[in-house]
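In my numbering, the protein residues as written are 722 to 947.
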């Protein structure tokens, strides 16, 4: 009888221990921390081709009317040293990258227009051929052209070693040289008033003034584009 009793107790203990081990095994499996996969973010490489740049949306944090020079400098101070040129460029685009879609569209529209090449009268003004040419020119339809020139402080910056304003004036002179003599020309400037601080930005953005014309091209025009 004693042997039977001992055997019964042994089997009972074995039955209790086995489920306990199974539960402990399950708990042990649950408690094992899952391995986290490290995700490394690599910012996209900045666009360097002009065709790609002008089509980019340009979503800089401080781009366009959100521009804040002090905030931009603070962000640039946080950039770690030792970055490559492309990485620095990407940081600048992240801050002030702007969209040039609208400007590119306007320039394409201007390029699509056909302007008459300027012609010089080298004949005797009193000759029949010269008189005929003058009459032809006088009968051409009038054109009205308005040139809008950025005169803000940002034009003091440089592009490839040249001041933006000098490049803009040179482009204006090349454009004007191709206009017909019957063109009424107007030159307007904007951004020449106000300042870069918050109170002066609205004045700068809203200010625009005609400094020449509307009238045909005269040598006095060059005084604004030298």
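Idealized CB from N, CA, C, for every residue including glycine.
Here's the rule: buried if 16 or more other CB atoms are within 10 angstroms of the residue's CB, otherwise exposed. What is residue i?
{"i": "residue 873", "result": "buried"}
{"i": "residue 797", "result": "exposed"}
{"i": "residue 803", "result": "exposed"}
{"i": "residue 831", "result": "exposed"}
{"i": "residue 935", "result": "exposed"}
{"i": "residue 806", "result": "exposed"}
{"i": "residue 880", "result": "exposed"}
{"i": "residue 942", "result": "buried"}
{"i": "residue 785", "result": "exposed"}
{"i": "residue 773", "result": "exposed"}
{"i": "residue 817", "result": "buried"}
{"i": "residue 878", "result": "exposed"}
{"i": "residue 924", "result": "exposed"}
{"i": "residue 882", "result": "exposed"}
{"i": "residue 812", "result": "buried"}
{"i": "residue 947", "result": "exposed"}
Considering only C-alpha positions, which residue in the set the options is nearest to residue i?
{"i": "residue 820", "options": "878, 777 and 928", "result": "777"}
{"i": "residue 937", "options": "831, 789, 904 and 807", "result": "904"}
{"i": "residue 926", "options": "944, 888 and 787", "result": "787"}
{"i": "residue 865", "options": "851, 894 and 900", "result": "900"}
{"i": "residue 897", "options": "924, 867 and 875", "result": "867"}
{"i": "residue 914", "options": "806, 852, 928 and 933", "result": "928"}
{"i": "residue 906", "options": "813, 799, 940 and 792", "result": "940"}
{"i": "residue 794", "options": "824, 932 and 815", "result": "815"}
{"i": "residue 779", "options": "883, 822 and 770", "result": "822"}
{"i": "residue 870", "options": "887, 883 and 882", "result": "887"}
{"i": "residue 827", "options": "931, 775 and 911", "result": "775"}
{"i": "residue 944", "options": "930, 829, 908 and 924", "result": "908"}
DSSP puts residue i in a beta bridge; with which residues?
{"i": "residue 774", "result": "Answer is none; residue 774 lacks a bridge partner."}
{"i": "residue 870", "result": "910"}
{"i": "residue 865", "result": "905"}
{"i": "residue 883", "result": "880"}
Just list the alpha helix (DSSP H) runs in the segment 886 to 937, keeping only unbroken ones of 4 residues or longer that don't cross its boundaries, in chain order. For the segment 886 to 937, whole alpha helix (DSSP H) runs of length 4 or above, ordered along the chain, are 919 to 927.
Can you list the beta strand (DSSP E) stretches of 3 or more residues lying completely in the segment 779 to 806, in chain order? none
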